[in-house]
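Residue numbers (this note's numbering): 4 to 99.
If you want it as structure tokens, here you go:
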């Protein structure tokens, strides 16, 4: 579980990265989950954009992704979800 201080730090890092994935009207599928899982292992911190044609609850989407990839939801803001998972092999982010 991330502390408030750690989440603030991760949000400041996420500010400068572009969203890598988009969730459209089809929602989340297994293929997307496995790709996000791999990307988290390589990058640790990623942004996911929710397109306007997706009418699911943003927080539900974030929780689903978080549980499916064993990651932490850093923030859900507007149409963006920011998630973090410590990498096993490519650890670059050191949390405060």
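Glycine included, every Cβ here is placed at the ideal spot set by N, Cα and C. Note that this is a predicted model, so its numbers are computed, not measured.
Identify which residue in the options has its Cα closest to the Cα of residue i.
{"i": "residue 32", "options": "98, 64, 97 and 92", "result": "64"}
{"i": "residue 43", "options": "78, 74, 54 and 79", "result": "74"}
{"i": "residue 68", "options": "22, 18, 51 and 45", "result": "51"}
{"i": "residue 20", "options": "90, 76, 46 and 38", "result": "46"}
{"i": "residue 80", "options": "60, 4 and 56", "result": "60"}
{"i": "residue 14", "options": "76, 30 and 41", "result": "76"}
{"i": "residue 85", "options": "93, 94, 41 and 66", "result": "66"}
Can you check whether the CB of residue j is closer than 9 angstroms to the CB of residue i?
{"i": "residue 48", "j": "residue 17", "result": "yes"}
Distance check for residue j and residue i, CA to CA, integer angstroms please.
{"i": "residue 22", "j": "residue 7", "result": "23 angstroms"}
{"i": "residue 10", "j": "residue 96", "result": "12 angstroms"}
{"i": "residue 71", "j": "residue 78", "result": "17 angstroms"}
{"i": "residue 57", "j": "residue 25", "result": "10 angstroms"}
{"i": "residue 38", "j": "residue 4", "result": "23 angstroms"}
{"i": "residue 83", "j": "residue 89", "result": "20 angstroms"}
{"i": "residue 28", "j": "residue 35", "result": "13 angstroms"}
{"i": "residue 12", "j": "residue 41", "result": "23 angstroms"}
{"i": "residue 94", "j": "residue 87", "result": "12 angstroms"}
Drop a sphere of 10 angstroms on the beta-carbon of residue i, count the other beta-carbons inside from all chains shown, and report buried for 16 or more, exposed for fewer.
{"i": "residue 98", "result": "exposed"}
Does any residue of chain D have a CB that is nearer than 9 angstroms to the CB of residue i?
{"i": "residue 37", "result": "The chain inventory of the structure shown lacks chain D, comprising one protein chain alone."}
For the stretch 31-59, which segments carrying the beta strand (DSSP E) assignment without a break, of at least 3 residues, lie completely within its bounds, in sequence order?
-> 48-53
Please list the segments of the beta strand (DSSP E) lying wholly inside the stretch 71-97, counting only runs of 3 or more residues, in order along the chain.
-> Runs of beta strand (DSSP E) with 3 or more residues, each lying fully within the stretch 71-97, are found at 75-80 and 83-87, listed in chain order.
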